[in-house]
Amino acid sequence: MTNVGPASRERAVKIAALLREELSRHLPVDKTIASFGQVDACVRREQGQLFPLRDHLRGMILAMLSANRPWKPIANNMARLAEIFGGFKPSFLENTPAESLEASVKAIGCGNRRVSFQMRAIQPNIATFRRLDSDAGTIDAFVADQPIETVVRELGAGRYKLRELGPTLVLEYLKNVGIRANKPDVHVLRICGPSRLGILSADASPLTAFHEFRAFANAAGMHEVELDNQIWLLGAEEYASICGATPKCAACALRSVCRQNQAT
Numbered sequence: 064m065t066n067v068g069p070a071s072r073e074r075a076v077k078i079a080a081l082l083r084e085e086l087s088r089h090l091p092v093d094k095t096i097a098s099f100g101q102v103d104a105c106v107r108r109e110q111g112q113l114f115p116l117r118d119h120l121r122g123m124i125l126a127m128l129s130a131n132r133p134w135k136p137i138a139n140n141m142a143r144l145a146e147i148f149g150g151f152k153p154s155f156l157e158n159t160p161a162e163s164l165e166a167s168v169k170a171i172g173c174g175n176r177r178v179s180f181q182m183r184a185i186q187p188n189i190a191t192f193r194r195l196d197s198d199a200g201t202i203d204a205f206v207a208d209q210p211i212e213t214v215v216r217e218l219g220a221g222r223y224k225l226r227e228l229g230p231t232l233v234l235e236y237l238k239n240v241g242i243r244a245n246k247p248d249v250h251v252l253r254i255c256g257p258s259r260l261g262i263l264s265a266d267a268s269p270l271t272a273f274h275e276f277r278a279f280a281n282a283a284g285m286h287e288v289e290l291d292n293q294i295w296l297l298g299a300e301e302y303a304s305i306c307g308a309t310p311k312c313a314a315c316a317l318r319s320v321c322r323q324n325q326a327t
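Heads up: the sequence shown begins at 64 in the numbering used here, then just goes up one per residue.
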């Protein structure tokens, strides 16, 4: 979809309209997306706001906690998580034992199967952020000024590898600090893959899926992060729960543009 023709643009716009129509049947779309804070973070960054280290630590920790678990309990406990992590202040996190953080996160039902490793990764990752501050000026300048492929490569697997964050979770972290991106997670890959909406190619790598999704968002005339949030909401069990592993095609407004519906 690098060179998007009129037919592709027309289809992209139609999918975007039907997506919003379907989501509106299940939840207040704008309010729900606003609660995630990612689109707002992009707006603030694009208006010139800089994000200090504590914002990057918040974005990184929330990305970690989002892995392999429902999001809504985390969304419902944001204030308590801020308390547990000391307002995400670097000095607090550098001096708080990982075991204490782990126990507190588990106590409010916000852990996942990697939470023990994730909490132990925080202090080494702060050291990596501080090294980036020294090498690049600030971590904020690094993520904002470098090509996103470079940022994902370096933070996901390269010189500045963040523990417990692979490329997909790096993209989630970047959205949390106002970088226009999309996260090709299980919901997005399933819904946008060749057997359903046909937005992404088969067996696409995270970065290939990222670029294909971005091209589609541009064709649809939508904010990339907002579209990413909407697609995710369509599949997430605790939100719209329409296009999960077993899709509810008969009830979905997108059935006229979905290959899954045409195959059944």
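The beta-carbon is built from N, C-alpha and C at its ideal position, and this holds for glycine as well.
Contact check for Ala-184 against Glu-227 passes: the beta carbons are separated by less than 8 Å. Counting the other CB atoms within 10 Å of its CB gives Pro-247 a total of 16 or more, which places it among the buried residues.
Just so you know, the alpha carbons of Ala-207 and Ala-313 end up roughly 43 Å apart. Scanning the region 255-293 for uninterrupted alpha helix (DSSP H) segments of 4 residues or longer gives 269-283, listed from N- to C-terminal end. A Cβ-Cβ distance of about 6 Å is found for the pair Asn-245 and Phe-273, placing them in contact under the 8 Å criterion.
Leaving aside the five residues that flank Arg-259 on each side, the residues in its chain whose CB is nearer than 8 Å to its CB run, in chain order, Arg-253, Cys-306, Pro-310, Cys-321, Arg-322 and Gln-323. Following the DSSP letters along the chain, one finds Lys-169 inside the alpha helix (DSSP H) bounded by residues 161-170. By the neighbour-count definition (other C-beta atoms within 10 Å, threshold 16), Pro-269 is a buried residue. In this structure, Asp-291 lies near Val-251, with their beta-carbon atoms less than 8 Å apart. In this structure, DSSP gives Phe-148 a state outside helix and strand, which the three-state scheme calls coil.
Here DSSP, grouped into helix, strand and coil, assigns Gly-307 to coil. Rounded to whole angstroms, the separation of the alpha carbons of Leu-237 and Gly-150 is 19 Å.
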